[in-house]
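Asks: Before I ask anything, let me first share the structure, which is written out below as structure tokens.
Residue numbers (the numbering used here): 51 to 456.
Structural data, given as structure tokens:
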């Protein structure tokens with residue numbers, strides 16, 4: 051927090067400008083009669099800017115038999131347990147589980163201003179967390195957090211400006227999600243039924259247009275994997291050759307990499323220089339990485355967890371990319387069992403791919419690319435708004451830039 055205190059502002063402890071700060075509670079999960087009532091019960095996934103409803107509810111009996119309490123509309127809801135710093139404002143009477151606090155403001159503190167303060171204070175909250183197994187910020191600690199308080203009218207103007215940017219971010223995010231849903235539906239339609247077909251046939255990969263073929267990946271792509279130069283040899287690293295890892299494979303076209311290797315690193319390892327235009331697939335990796343794909347937009351090397359498929363003239367690289375995008379969940383089931391669930395080239399080479407005429411492939415991918423272009427444009431707009439919000443919070447919540455109050 052800045053040491054600068056603007057004229058007319060005061061520095062207060064949170065406990066002095068709030069009526070109440072209190073934790074929630076969880077009724078016994080072994081008692082079904084405690085759940086499914088009419089009282090909203092907030093868990094982490096329920097915390098949004100405005101909290102109207104929750105995934106779970108509790109009964110009056112569950113409320114009475116637990117440490118949960120009813121928070122009135124206008125209460126700030128703040129997670130202080132396993133996931134610290136999620137924040138929202140109650141719009142209806144509700145309860146929370148333990149680790150999610152309710153904060154009731156006094157008259158001189160705007161809850162919308164406090165909401166923006168906590169959005170900007172996540173790192174501070176995490177630094178105050180205590181505990182050996184699960185870290186949490188307890189109510190007595192919250193009460194001692196210093197907060198710069200402008201006059202209430204200025205608080206409300208600051209909150210209104212920041213909320214307006216929040217509205218743009220949320221609206222853009224909603225538009226992106228709708229476009230993603232549209233794209234998923236179009237991929238399912240276009241990659242199975244094509245464009246304008248009226249006659250269909252059965253195949254090993256389901257119903258498809260009568261004029262389409264299907265082939266295994268090994269028949270339409272040249273396949274290769276990568277490797278990792280010895281990390282103990284400095285001469286192999288920080289060169290000019292891009293070296294792509296699975297974490298960088300995320301449904302994009304890759305034009306750069308996080309790490310680069312030297313000619314010596316390439317020569318003295320199992321990695322290979324893969325040509326631009328190859329379709330990359332993550333064979334394994336943490337969480338949801340396995341099965342993701344990307345287009346390689348440059349010549350680059352790969353690590354051993356990446357598979358490269360260079361399409362032949364029979365298949366458009368973007369058509370193949372969209373096919374694998376649609377088949378993500380199914381691909382993740384085609385794993386080699388072991389200590390870690392992995393894909394490998396032996397498995398992937400047998401995957402059957404629909405093969406429309408090349409002209410139709412290009413028409414299909416152009417329709418899907420048009421949606422991707424729209425999604426990417428909105429992502430850029432959302433990033434601009436997000437960066438603006440960060441800058442405004444830094445300026446307005448510290449008083450570095452003062453707002454004009456009518």
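Heads up, the beta-carbon is just placed ideally off N, CA and C, and yes, glycines get one too.
Return the CA-CA distance between residue 449 and residue 307, expressed in angstroms with no decimal places.
Replies: Position 399 of the chain shown, counting from 1, holds the residue named residue 449. Position 257 of the chain shown, counting from 1, holds the residue named residue 307. Distance between the alpha carbons of residue 449 and residue 307: 40 Å.
Asks: Would you say the segment 160-179 touches the segment 122-142, given that touching needs at least three Cβ pairs under 8 Å?
Replies: yes
Asks: In three-state DSSP terms, what is residue 65?
Replies: Here residue 65 is taken as the residue at index 15 of the chain shown, counted from 1. Helix, per DSSP.
Asks: Using the C-alpha atoms, what's the distance from residue 107 back to residue 251?
Replies: Walking along the chain shown from the start, residue 251 turns up at place 201. Walking along the chain shown from the start, residue 107 turns up at place 57. For residue 251 and residue 107, the distance between alpha carbons rounds to 49 Å.
Asks: With residue 112 as the anchor, note down where its alpha helix (DSSP H) starts and where it stops.
Replies: Within the chain shown, the letter at position 62 stands for residue 112. Note, residue 112: alpha helix (DSSP H), 110-114.
Asks: Whole angstroms are fine: how far does the CA of residue 188 sit from the CA of residue 206?
Replies: Walking along the chain shown from the start, residue 206 turns up at place 156. Walking along the chain shown from the start, residue 188 turns up at place 138. Distance between the alpha carbons of residue 206 and residue 188 is about 28 Å.
Asks: If contacts are defined as beta-carbon pairs under 8 Å, then residue 271 and residue 407 qualify, I think. What distance do you get, rounded to the angstrom?
Replies: Here residue 271 corresponds to residue number 221 of the chain shown, with the count starting at 1. Here residue 407 corresponds to residue number 357 of the chain shown, with the count starting at 1. Wrong, their Cβ atoms sit about 18 Å apart, outside the cutoff.
Asks: Quick check on this structure: which residue in 86, 267, 321, 422 has the alpha carbon closest to the alpha carbon of residue 287?
Replies: Here residue 287 is taken as the residue at index 237 of the chain shown, counted from 1. Of the candidates 86, 267, 321, 422, the one whose C-alpha sits nearest the C-alpha of residue 287 is 321.
Asks: The beta strand (DSSP E) spanning residue 85 covers which residue range?
Replies: For this step, residue 85 is matched to residue 35 along the chain shown. Residue 85 -> beta strand (DSSP E) spans 85-92.
Asks: Along the chain, which unbroken stretches of the beta strand (DSSP E) at least 3 residues long are found entirely within the segment 190-271?
Replies: 196-199, 263-266
Asks: Between the segment 84-98 and the segment 160-175, are three or more C-beta pairs nearer than 8 Å?
Replies: With a cut-off of 8 Å, the segment 160-175 and the segment 84-98 do not count as touching, because too few Cβ pairs lie within range.
Asks: Please say whether residue 296 and residue 256 have beta carbons closer to each other than 8 Å?
Replies: Taking the chain shown and counting its residues from 1, the one referred to as residue 256 is at position 206. Taking the chain shown and counting its residues from 1, the one referred to as residue 296 is at position 246. No.
Asks: Using a Cβ-Cβ cut-off of 7 Å (strictly less than) and excluding sequence neighbours within five positions of residue 170, which residues of its own chain qualify?
Replies: On the chain shown, residue 170 is found 120 positions in, with the first residue counted as 1. Residues 443, 447 of the same chain have their beta carbon placed closer than 7 Å to that of residue 170, with the five preceding and five following residues left out of the count.
Asks: With a threshold of 16 other CB atoms inside 10 Å of the CB of residue 411, please say whether the residue is buried or exposed.
Replies: Within the chain shown, numbered from 1, the residue matching residue 411 stands at position 361. Buried, because 16 or more other Cβ atoms sit within 10 Å of the Cβ of residue 411.
Asks: Report, in whole angstroms, the separation of the C-beta atoms of residue 483 and residue 455, which I expect to be a contact under 8 Å.
Replies: Here the chain covers residues 51 to 456 and nothing more, so residue 483 does not appear.
Asks: Within the segment 293-329, note down every full alpha helix (DSSP H) run reaching 4 residues or more, in order along the chain.
Replies: 313-317
Asks: Looking at C-alpha atoms only, which residue of 231, 262, 310, 261 is the closest neighbour of residue 284?
Replies: On the chain shown, position 234 is the one that residue 284 refers to. Taking residue 284 as reference, the option from 231, 262, 310, 261 with the minimal CA-CA separation is 310.
Asks: Using 10 angstroms around the beta-carbon of residue 57, count the other beta-carbons present and answer buried if the total reaches 16, otherwise exposed.
Replies: The residue you call residue 57 lines up with position 7 of the chain shown. Residue 57 comes out exposed.
Asks: Quick one: grab the DSSP three-state call for residue 173.
Replies: On the chain shown, position 123 is the one that residue 173 refers to. Correct three-state label for residue 173: helix.
Asks: With distances taken between CB atoms, is the gap from residue 131 to residue 70 smaller than 8 Å?
Replies: The residue labelled residue 131 in the question sits at position 81 within the chain shown. The residue labelled residue 70 in the question sits at position 20 within the chain shown. No, the Cβ-Cβ distance between residue 131 and residue 70 is not below 8 Å.
Asks: Below 8 Å between beta carbons: does that hold for residue 302 and residue 344?
Replies: Start at 1 with the first residue of the chain shown, and residue 302 comes out as number 252. Start at 1 with the first residue of the chain shown, and residue 344 comes out as number 294. Going by C-beta atoms, residue 302 is nearer than 8 Å to residue 344.
Asks: Just how far apart, CA to CA, sit residue 68 and residue 239?
Replies: Taking the chain shown and counting its residues from 1, one reaches residue 68 at position 18. Taking the chain shown and counting its residues from 1, one reaches residue 239 at position 189. Going by the C-alpha atoms only, they are around 55 Å apart.
Asks: Output the distance between the C-alpha atoms of residue 197 and residue 358, rounded to the nearest integer angstrom.
Replies: As a working mapping, residue 197 is identified with position 147 in the chain shown. As a working mapping, residue 358 is identified with position 308 in the chain shown. Cα to Cα, the separation comes out at about 53 Å.
Asks: How do the segment 390-405 and the segment 206-215 stand: do at least 3 beta-carbon pairs fall below 8 Å, yes or no?
Replies: no
Asks: Can you tell me whether DSSP reads residue 128 as helix, strand or coil?
Replies: The residue labelled residue 128 in the question sits at position 78 within the chain shown. Note: residue 128 maps to strand in three-state DSSP.
Asks: Count the other CB atoms within 10 Å of the CB of residue 241; is the residue buried (16 or more) or exposed (fewer)?
Replies: Residue mapping note: residue 241 aligns to position 191 of the chain shown, counting from 1. It is buried - the Cβ of residue 241 has at least 16 other Cβ atoms within 10 Å.
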